[in-house]
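Written out below as structure tokens is the structure these notes cover.
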Amino acid sequence: MGKETPAEKSLNLIRGRLCDPSYVFRPLSASSDSNYSKLKFIVSTSITEGCNNSMLLLGPRGSGKAAVLDLVVGDLLEQFPDSVSVIRLNGLLHSDDNCAFKEIARQLCMEHHLLFSKMASFDDNSQFIIAMLRACGLAHKTIIFVLDEFDMFAQGKQRLLYSLLDAMQSVTSQAVVVGISSRLDADQLLEKRVRSRFSHRKFLFLPPSREELDGLFVHLLSLPADSGFPSGYVSRFNDKIKNLTSDTRFKDILKTLFNANTTVNSFLKFIFCAVSLMNLESGLLSLENFKAALSSMQRQPKLEAVRDCSVLELYLLVCMRRLEVKEQSSYNFISVMKEYKAIHDSFHTSDYYAQNVCLRAFEHLRERQVICYAENRGQSQTGEYRLQKLLISASELHQGMRSHACCPAILLKLLDH
Amino acid sequence: MPPKEESSKVTRRSTRSSASVTVENSEPTESHTPTIDDLTFGEESITIDAVLSNFPGRRSQIFDFIRLMGPLDCPTLPIMIYGGASTGKTSVVLQVLRHLNRPFVYSSCRTCYNPRILFESILNQLLLHRKCSLNGYSSAKRCDKPSDFVNLLREALSSVIKTLESTSGTSRSDKPDEKPMGKMVYLILDNVDLIRDWDKGTIILQFLFSLYTVLKMPQLGIILISGLPPDVYYSNMGYTDPIPLYFPEYSEEDLRQIFLRNQPNRKLYSAFLDVVLKPFCRVTRRVEELSTTFSLLFRKFCEPLDDLGISPNEDMKRRLYSHLKPLIAHCLNEIFRVSSHPHDGETRGERRQKASYSSENREELEILDFHMSTSAKFLLLSAFLASRNPATLDASMFDSTGGMDNRKRKRKASEKSMEKKEIAEQEAVMKGPGSFPLERLLAIFQCIASVGDSSFGEEDEEEENTTGYDKENNNLMSDILLQVSSLCDANFLIKSGSCPLEGSIRYRSMVSEDLAQKVAKSLSFPLSKYLYRR
């Protein structure tokens, strides 16, 4: 139970920062033409002038849309303490209209300390919501509706969207509807009547530039000079970080990472993996941590699956590949067994096993998703007669077999031949 | 084998009057209400060395996992652990949490087979609610939608975290050496890959992957255990994927260490492993499949030894190897078969020759190990023949002489017909067994049954229904239709698509040739005479 070592304390601090989106996105939103400032300007003017508004935040997953919106909402709640209330909905959870209305009513009740009845029907809920909107409008209180996964709300009949946007137009209300979506064409999904009531304001969240990401890296990993760390440790740690950022090998690692995915979230995951590998005795980060983190993030699951196969399973995969090469595009277990027998007859391999053993090995391959049934409708046949297909390409199979621990040489020869 | 005492407990049929009387001897009242301590593993904590020695070959994965969990009260992003079957994922996670002594909630998507049961199981554990007779075995809260689950989970987690924070302040006087529980709760979901087959499974998966961002509670750590790699979960919607941790299959060295654990005589067992491990690893490297075969083989290996405690020297090893070697090839082909004859201690004492062992197994292979009525067996054979033979040959096959005339002249086949034959064979292989209407099945059945009946009548005089087939045809027909439906239930026959012109149902036989041969042998029916071979 003792005290934490400085290494553990710094680890806790950094990991806490990485798991907190508002800490991460605040420096990225500092400039004046960032999405944060624009969004804040629009929403605050809607609040002060008492008008309705609707907007969409679009961008790839992990670019911080919800985080920036949370920052804006947090600031506005501080700025206008009594005139703002927030209702949050998520498309994954509340895409059903009944669910959505119940959730809105529940959140409204919680905000205004009213009793919420779970038995209220859909009509009761919708009347309650409209009444609340009118009451809040008269009291000059703005309700901000945050609709996460906006494209999920746009499936089906879009009743919720229509009623919200319609209520904003007809009732004396002050509401701001903010939709967040990772589909860049989310506004094209809206129906005609919904789209006409929607003001087409869109904020595009693009991935940050390289300099911004470098700045973010230093910001996240620098330890503060105060707050109970031994001072020599803090300066050593921060110096190590500065050395790393100027190291060319580290820059190469970052370049490989950003070639795949430039969103902020994947960068955060990368730093998280590296930081968890930190050596707890020295308490300092090193280049090896980052290299290991990169390799753990960029995995090749199909290669791993091939490397996990036993020798018999590799034989079956090679037989299937040979059947494909012979332009037999559809094959089942029986034809694979024929090929297997043909290979055994011509090369006299030592690995010739009975049919039930091979069938079981085939099942193992299917469980690992290296092969699968070619079509779903063949339910009327036993597993041996259903058509199969390979889910890995020839080059993956090749690479997997070359890095396999005990692959027999004859298999590689058969694959190339 | 169940002990004899259990048969004395007779279950009474409950009548209406007895059901209305309340049962007096109820089970003892549940005295244990769960507390916050029950969220930890519960048993004594173990050191890291014990964990490492319990799982040979998993050293790097255990250390990676501990590092990802981080020190006490460290927030963590969601983690996904993936690997093949029986690679130790669940047990490593649970043992590491036992070592770290942190509170967790465990739910498997195999036992909780739909979203409602999954959500309610998690909530029950968090709300420290145990299902017992007092509350009618019901859950604490009813929850079947993800939206309700998020709200209830948030409430339950906040109350748990409040309790944890209050207990962490006070020092625990009764267990001073134990590690503190910390203020974080971990949610472990096992067998996440099974959710793909659920109704609306993709939505539930999407929801689980984004649960961490939706809840926004840093005191919750989410660990997902999956049998499939993360790339099978990619869908149109995309998600921020969890941090992966891979458990590869065991290598041969690891398997050797695993099997050597808990063996009373390690030298003898390692000599045994020297000879069996390599060939069997070529077929499969899964621990559960190898262990059943090895236990059987080890018994055979130790047969020549009188004393199982000795450590063998070189020529004793050679003797044991030569005793075992012929069995290895045989067992390799039987590796996935679980024998229906229990191997108890009686066979071990007797000295069996190698030849007798193999012949015993061959007999085992050829007899049918389940019971079927005679008419069902004949139906099975008729279905098999109907699926394998083309319909046009029925007249010549099943004529009054009973059987194909093999003595017709064999003309030398031209090349074109050989090619045609190969293509036809290829197609037959691809399509599998053919389908047939019910009338054809019954026609073949009547032919075969009369043939079989005559051969039966010669052998067994006391068969009751030797004369039944001829005389009581009408009664027999309804029996036969019943038999057809019971064969369908047993999956020996399946209903395939019906022909649109005729409208009648077509059946397809699902038995393999081995099973058909076994059934024919039990009836002494010459199956090969009736089978059309191209």
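Respectively, the protein sequence lines represent chains Y and U. The opening residue of the first sequence carries number 1 in our numbering; numbering runs sequentially from there. The opening residue of the second sequence carries number 1001 in our numbering; numbering runs sequentially from there. Every residue, glycine too, gets a C-beta built ideally from N, C-alpha and C.
Contact defined as beta carbons within less than 8 Å: I believe residue i pairs with residue j. What is the distance between those atoms, to the nearest angstrom?
i         : j         : result
Y:LEU93   : U:VAL1150 : 6 Å
U:TYR1246 : U:ILE1258 : Incorrect: roughly 19 Å between the Cβ atoms, too far for contact.
U:SER1504 : U:GLY1434 : Contact doesn't hold; Cβ gap of about 15 Å is too wide.
U:PRO1248 : U:LEU1332 : With a Cβ gap of about 24 Å, U:PRO1248 and U:LEU1332 do not count as contacting.
Y:ARG134  : Y:GLN169  : 13 Å between Cβ atoms; not a contact.
Y:LYS40   : Y:VAL84   : No, Y:LYS40 and Y:VAL84 are not in contact; Cβ-Cβ is about 12 Å, not under 8 Å.
Y:CYS372  : Y:LEU314  : The pair is not a contact, with the Cβ atoms about 18 Å apart (cut-off 8 Å).
Y:GLU396  : Y:LYS302  : 5 Å
Y:ALA305  : Y:VAL370  : 5 Å
U:PRO1075 : Y:LEU11   : Not a contact, Cβ separation roughly 11 Å.
Y:LEU216  : Y:VAL318  : Actually they are not in contact, since the Cβ atoms of Y:LEU216 and Y:VAL318 sit about 48 Å apart, beyond 8 Å.
U:VAL1051 : U:VAL1093 : Not really, about 11 Å apart at Cβ, beyond 8 Å.
Y:ASP226  : Y:ARG183  : In fact, because the Cβ distance is near 45 Å, the residues do not count as touching under 8 Å.
With a threshold of 8 Å on Cβ separation, who are the neighbours of residue i within its own chain once the five nearest residues in sequence on each side are excluded?
i         : result
U:ARG1348 : Here U:ARG1348 scores only 36 on pLDDT, less than 50, and its place in the model should not be relied on; the value that follows carries that caveat. Answer for U:ARG1348: ARG1299 and GLU1303, listed in chain order.
U:TYR1269 : PHE1259, LEU1260, GLN1263 and PHE1298
Y:LEU18   : VAL24, LEU220, LEU268, ILE271, PHE272 and VAL275
U:ASP1199 : ASN1114
U:LEU1441 : LEU1379, SER1382, ALA1383, ALA1386, VAL1484 and TYR1507
Y:LEU312  : ASP351, TYR353, VAL357, CYS358 and ALA361
U:GLN1206 : SER1235, MET1237 and TYR1239
U:SER1086 : ARG1286, VAL1287 and GLU1288
Who are the near neighbours of residue i in its chain, counting only those whose CB is closer than 7 Å to its CB and skipping five residues on each side?
i        : result
Y:LYS192 : none
Y:ILE66  : The sequence shown places Ala at residue 66 of chain Y, rather than the Ile named in the question. The answer, listed in chain order, is ASP148 and ILE180.
Y:VAL194 : GLN158, LEU161, TYR162 and LEU165
Y:SER130 : It should be noted that the sequence gives Ile, not Ser, for residue 130 of chain Y. The residues are ALA167 and VAL171.
Y:ASP287 : Checking the sequence shown, residue 287 of chain Y turns out to be Leu, not Asp. Excluding residues within five positions, the ones whose Cβ falls inside 7 Å are LEU244, ASP247, ARG249 and PHE250.
Y:MET132 : LEU108
From the DSSP output, which residues share a beta bridge with residue i?
i         : result
U:ILE1117 : U:ILE1117 is not bridged to any residue.
Y:SER181  : Y:LEU58
U:MET1080 : U:LEU1224 and U:PRO1244
Y:THR467  : This structure gives no information on residue 467 of chain Y, because the portion of chain Y shown stretches from 1 to 417.
U:LYS1185 : The residue asked about is misnamed: residue 1185 of chain U is Val in this sequence, not Lys. Per DSSP, U:LEU1220.
Y:CYS372  : Y:LYS389
Y:ALA175  : Y:ILE143
U:LEU1075 : First, the residue type needs correcting, since residue 1075 of chain U is Pro and not Leu in the sequence shown. According to DSSP, which records beta bridges pairwise, U:PRO1075 is partnered with nothing at all.
U:PHE1104 : U:TYR1186
U:ILE1494 : U:ARG1508
U:PRO1437 : U:ARG1506
The ligand HEM heavy atoms versus the CB of residue i: any closer than 7 Å?
i       : result
Y:VAL86 : For the ligand HEM, the structure offers nothing, since it holds no ligand at all.
For residue i, which residues in the same chain have their Cβ closer than 6 Å to its Cβ, ignoring the five residues on either side in sequence?
i         : result
Y:CYS136  : ILE143
Y:ARG106  : PHE116
U:PHE1209 : TYR1239
U:GLY1084 : GLU1249
The stretch 74 to 99 of chain Y: which residues have C-beta closer than 7 Å to a C-beta of chain U, in chain order? Listed by position, the residues of the stretch 74 to 99 of chain Y near chain U (Cβ gap below 7 Å) are ASN90, LEU92, LEU93, HIS94 and CYS99.
I want to know whether the stretch 1365 to 1382 of chain U touches the stretch 1483 to 1494 of chain U - three or more CB-CB distances under 8 Å. Segments in contact, yes.
Within 7 Å of chain U by C-beta, residues of the stretch 244 to 277 of chain Y in sequence order: Per Cβ criterion, the list reads ASN265, LYS269, PHE272, CYS273, SER276 and LEU277.
Of the residues that make up the stretch 1136 to 1160 of chain U, which ones have a beta carbon closer than 9 Å to any beta carbon in chain Y? Within the stretch 1136 to 1160 of chain U, the residues whose Cβ lies closer than 9 Å to some Cβ of chain Y are LYS1145, PRO1146, SER1147, ASP1148, PHE1149, VAL1150 and ASN1151, listed in chain order.
May I ask you to verify whether the stretch 355 to 373 of chain Y touches the stretch 330 to 344 of chain Y, counting CB pairs closer than 8 Å and requiring at least 3? In short, these stretches touch, since the Cβ pair count reaches three.
Does the stretch 1176 to 1196 of chain U touch the stretch 1099 to 1108 of chain U, meaning 3 or more C-beta pairs lie closer than 8 Å? For the pair of segments examined, the stretch 1099 to 1108 of chain U was found to touch the stretch 1176 to 1196 of chain U: the number of CB pairs separated by less than 8 Å reaches three.
Mind checking the stretch 356 to 384 of chain Y against chain U and listing, in chain order, the residues whose C-beta falls within less than 8 Å of any C-beta there? Those residues of the stretch 356 to 384 of chain Y that come within reach of chain U (Cβ to Cβ, closer than 8 Å) are ASN356, VAL357, ARG360, ALA361, HIS364, GLU367, ARG368, GLN369, SER380, GLN381, THR382 and GLU384.
Determine, using beta-carbon pairs with one atom in the stretch 1138 to 1145 of chain U and one in the stretch 1121 to 1128 of chain U, whether at least three such pairs fall under 8 Å. Contact between the stretch 1138 to 1145 of chain U and the stretch 1121 to 1128 of chain U is established, with three or more Cβ pairs separated by less than 8 Å.
In the stretch 1102 to 1123 of chain U, which residues sit with their C-beta less than 7 Å from some C-beta in chain Y, listed in chain order? For the stretch 1102 to 1123 of chain U, which is checked against every Cβ of chain Y, not one residue is closer than 7 Å.
Would you list, in chain order, the members of the stretch 212 to 235 of chain Y that have their beta-carbon closer than 7 Å to a beta-carbon of chain U? The residues in question: there are none.
Does the stretch 45 to 54 of chain Y come into contact with the stretch 1222 to 1238 of chain U, if we say contact requires no fewer than three beta-carbon pairs (one atom in each stretch) closer than 8 Å? Counting C-beta pairs closer than 8 Å gives fewer than three between the stretch 45 to 54 of chain Y and the stretch 1222 to 1238 of chain U, which falls short of the contact rule.
Three Cβ pairs or more, each shorter than 8 Å: is that satisfied between the stretch 277 to 296 of chain Y and the stretch 220 to 240 of chain Y? With a cut-off of 8 Å, the stretch 220 to 240 of chain Y and the stretch 277 to 296 of chain Y count as touching, because enough Cβ pairs lie within range.
Please identify, using Cβ separations under 9 Å, the residues of the stretch 1047 to 1071 of chain U that lie next to chain Y, in order along the chain. Under the 9 Å Cβ criterion, the stretch 1047 to 1071 of chain U contributes ASP1064, ARG1067, LEU1068, MET1069, GLY1070 and PRO1071.
The stretch 1213 to 1240 of chain U: positions lying closer than 9 Å to chain Y by Cβ: Legend: CB atoms of the stretch 1213 to 1240 of chain U lying less than 9 Å from CB atoms of chain Y belong to residues THR1213, VAL1214, LYS1216, PRO1218, GLY1227, LEU1228, PRO1229, PRO1230, ASP1231, VAL1232, MET1237, GLY1238, TYR1239 and THR1240.
The stretch 158 to 184 of chain Y: which residues have C-beta closer than 8 Å to a C-beta of chain U, in chain order? Correct list: SER182.
Chain Y contacts from the stretch 1284 to 1309 of chain U (Cβ-Cβ distance under 9 Å): Going along the stretch 1284 to 1309 of chain U in chain order, one finds THR1284, ARG1285, ARG1286 and GLU1289 with a Cβ nearer than 9 Å to chain Y.
Decide if the stretch 1034 to 1042 of chain U is in contact with the stretch 1056 to 1063 of chain U; the criterion is three or more beta carbon pairs, one per stretch, under 8 Å apart. The stretch 1034 to 1042 of chain U vs the stretch 1056 to 1063 of chain U: no contact.
Just by C-beta distance, which residues in the stretch 56 to 67 of chain Y are closer than 9 Å to chain U? So the list reads PRO60, ARG61, GLY62 and ALA66, given in the order they occur along the chain.
Any residues in the stretch 306 to 327 of chain Y with a beta carbon nearer than 9 Å to a beta carbon of chain U? Which ones, in chain order? Taking 9 Å as the upper bound on Cβ-Cβ separation, chain U lies near residues ARG307, ASP308, CYS309, SER310, VAL311, LEU312 and GLU313 of the stretch 306 to 327 of chain Y.
Can you list, in chain order, the residues of the stretch 1186 to 1206 of chain U whose Cβ is nearer than 7 Å to any Cβ on chain Y? If the cut-off is 7 Å between Cβ atoms, the stretch 1186 to 1206 of chain U has ILE1203 and GLN1206 near chain Y.
Would you list, in chain order, the members of the stretch 1417 to 1451 of chain U that have their beta-carbon closer than 8 Å to a beta-carbon of chain Y? Residues passing the 8 Å Cβ filter: GLN1426, VAL1429, MET1430, LYS1431, GLY1432 and PRO1433.
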